[in-house]
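Numbering-wise, the sequence shown is residues -23 to -1, 1 to 244 according to mature numbering (1 follows the signal peptide of the UniProt record, and there is no 0). Using N, Cα and C, we set each Cβ at its ideal position, and we do this for glycine too. As structure tokens, the structure follows; a few thoughts come after it.
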Amino acid sequence: MRRFIVKTLPVLLLAASAVAAHAQEKNKIKVGVSVGNAEQTFEVVKKVAAREGLEIQLITFSDYLQPNEALAAGDLDANAFQHKPFLDSQIKARGYKIVPVALTITAPLGIYSKKYKTVDQLPAGASIGIQNDPSNGNRALLLLQKAGLIKLKPGVGENGVNATPLDVIVNPKKLKLVELDAAQLPRSLDDLAAASVNNDYAVKAGLSLQRDAIAVEDAKGPYANLIVTRAEDKDKPWVKKLVKAYQSEEVRKFIEAEFKGSLIPAF
């Protein structure tokens, strides 16, 4: 009898460990998203995930800095609001141990104006608002360059080298580039000739990419948004459930029907 106990004890311990591990698997998570279209989309994601036994609590944010800080601190399990250049800049600046685990949507950047209908109408010396964070400010400058309003130094703006207003070498209209927090740009349109506005803030302000933008970023590019988790969690079962729920056909159809091209599935 003593031999039998000794032989079976390791098996019992393994079984107990497996049960404990299963019990520790998350079935409820907190996900940080921006107010607006990301929040709308995640309401559909929540329903799909619930069918797989995963409950999602949404935590909304009105800026681009707090969601990564909250994730790194453990106050969130995941967030979904940013593209990779922005994530890379945050990791470099703050040392966060967070990683991308899936693609979500592409939200093309637009230049908006309440005073002018085309970029050609912008007068000499006009003030143009751009984002003051490195990655989105870079996007704005590239879009202004694409529109023919400025020219940047060779070698900046792409391939991981962010451009700043100091990198503008040709500015025929002598435009004044005003750097502001991304959330302030829609509210500043009354005081500016035009402004580069991220899609989620544009939607919140009642602006339409198709109707109101006088210049639009290419839909295909490096700025697809991401689901991000802490590095230690990236292979957890709940992450796979979250990604599967977001990248479902149900969510794809919602994005295409609801946003009609202003947001594009990136998966």
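Item checked: Nearest neighbour of E46, chosen from G238, T206, A243 and R229 [CA to CA] -> Walking along the sequence shown from the start, residue 46 turns up at place 69. Looking at the Cα atoms, T206 is the closest of the given residues.
Notebook entry, point to check: Over what stretch of residues does the beta strand (DSSP E) that includes Y89 continue unbroken?
Noted result: Here residue 89 refers to the residue found at position 112 when the sequence shown is read from its first residue. It spans G87 to Y89 - the beta strand (DSSP E) in which Y89 sits, taken as one unbroken run.
Notebook entry, point to check: Across which residues does DSSP place I241 in a beta bridge pair?
Noted result: Here residue 241 corresponds to residue number 264 of the sequence shown, with the count starting at 1. Per DSSP, T83.
Next item on the list: Answer yes or no: do V78 and V228 have a C-beta to C-beta separation smaller than 8 Å?
Entry: Mapped onto the sequence shown, residue 78 falls at position 101. Mapped onto the sequence shown, residue 228 falls at position 251. Cβ distance not < 8 Å, so V78 and V228 don't count as in contact.
Margin query: Measuring straight from C-alpha to C-alpha, what distance separates N136 and L120?
Written below: Numbered from 1 along the sequence shown, position 159 holds the residue referred to as residue 136. Numbered from 1 along the sequence shown, position 143 holds the residue referred to as residue 120. If I take the Cα positions, the gap works out to 16 Å.
Next item on the list: Measure the beta-carbon distance from K130 to I146 and round it to whole angstroms, keeping in mind my assumption that it falls under 8 Å.
Entry: As a first step, residue 130 is located in the sequence shown; it is residue number 153 there, counting from the start. As a first step, residue 146 is located in the sequence shown; it is residue number 169 there, counting from the start. Cβ-Cβ separation between K130 and I146: approximately 5 Å, consistent with a contact (criterion under 8 Å).
Check: To which residues of the same chain is A80 closer than 7 Å at the C-beta, ignoring the five residues directly before and after it?
Finding: Here the question's residue 80 lines up with position 103 in the sequence shown. One point to set straight first is that residue 80 is Leu, not Ala, in the sequence displayed. If you ignore the 5 residues before and after L80, its C-beta comes within less than 7 Å of the C-beta of A201, L203, A243 and F244, all in its own chain and listed in chain order.
Checklist line | For K94, the nearest candidate out of G183, D212, L219 and I191 (CA to CA) | finding: Position 117 of the sequence shown, counted from the first residue, corresponds to residue 94. The option with the nearest alpha carbon to K94 is I191.
Margin query: Just to confirm, is the Cβ distance from K151 to A101 under 8 Å?
Written below: Indexing the sequence shown from 1 puts residue 151 at position 174. Indexing the sequence shown from 1 puts residue 101 at position 124. Cβ atoms of K151 and A101: closer than 8 Å.
Checklist line | Start and end residues, beta strand (DSSP E) containing G13 | finding: For the purposes of this step, residue 13 is taken as residue 36 along the sequence shown, with counting starting at 1. Counting along the chain, G13 falls outside any beta strand (DSSP E), and DSSP gives it neither H nor E.
Notebook entry, point to check: In this structure, does DSSP put A(-3) in helix, strand or coil?
Noted result: Here residue -3 corresponds to residue number 21 of the sequence shown, with the count starting at 1. Residue placement at A(-3) is poorly supported in this model, since its pLDDT is 45, which falls under 50; the coordinates still yield a value, given next. Note: A(-3) maps to helix in three-state DSSP.
Next item on the list: Let me know the secondary structure DSSP gives K5 once reduced to three states.
Entry: The residue you call residue 5 lines up with position 28 of the sequence shown. DSSP places K5 in strand when its eight states are reduced to three.
Next item on the list: Could you tell me which of G72, F38, P214 and K128 sits nearest to E29, measuring between CA atoms?
Entry: Position 52 of the sequence shown, counted from the first residue, corresponds to residue 29. Taking only the C-alpha atoms, the option nearest E29 is P214.
Checklist line | E209 - partner residues in DSSP beta bridges | finding: Indexing the sequence shown from 1 puts residue 209 at position 232. Note: E209 sits in no beta bridge, so no partner.
Next item on the list: Could you pull the start and end residues of the beta strand (DSSP E) that Q59 belongs to?
Entry: The residue you call residue 59 lines up with position 82 of the sequence shown. Per DSSP, Q59 belongs to the beta strand (DSSP E) from A55 to H60.
Notebook entry, point to check: Can you list, in chain order, the residues of its chain whose CB lies under 8 Å from that of V76, leaving out five sequence neighbours each side?
Noted result: The residue given as residue 76 occupies position 99 in the sequence shown. Excluding positions up to five away in sequence, the list reads V205, T206, R207, A208 and K211.
Check: Quick check: the region 152 to 168 against the region 177 to 192, are there 3 or more CB pairs under 8 Å?
Finding: yes
Next item on the list: Report buried or exposed for H(-2), applying the criterion of at least 16 other Cβ atoms within 10 angstroms of its Cβ.
Entry: Along the sequence shown, read from residue 1 onward, the residue named residue -2 stands at position 22. A caution first: H(-2) carries a pLDDT of 45, below 50, which makes its placement in the model unreliable, though a value can still be read off. H(-2) comes out exposed.
Next item on the list: Count the other C-beta atoms from every protein chain shown that fall within 10 angstroms of the C-beta of D52, then say buried if there are 16 or more, exposed otherwise.
Entry: To locate residue 52, count along the sequence shown from 1; it is residue 75. The residue is exposed, with fewer than 16 neighbouring Cβ atoms inside 10 Å.
Notebook entry, point to check: What are the complete beta strand (DSSP E) segments, minimum 3 residues, inside the region 107 to 162?
Noted result: Counting only runs of 3 or more, we get 145 to 147 and 153 to 157.
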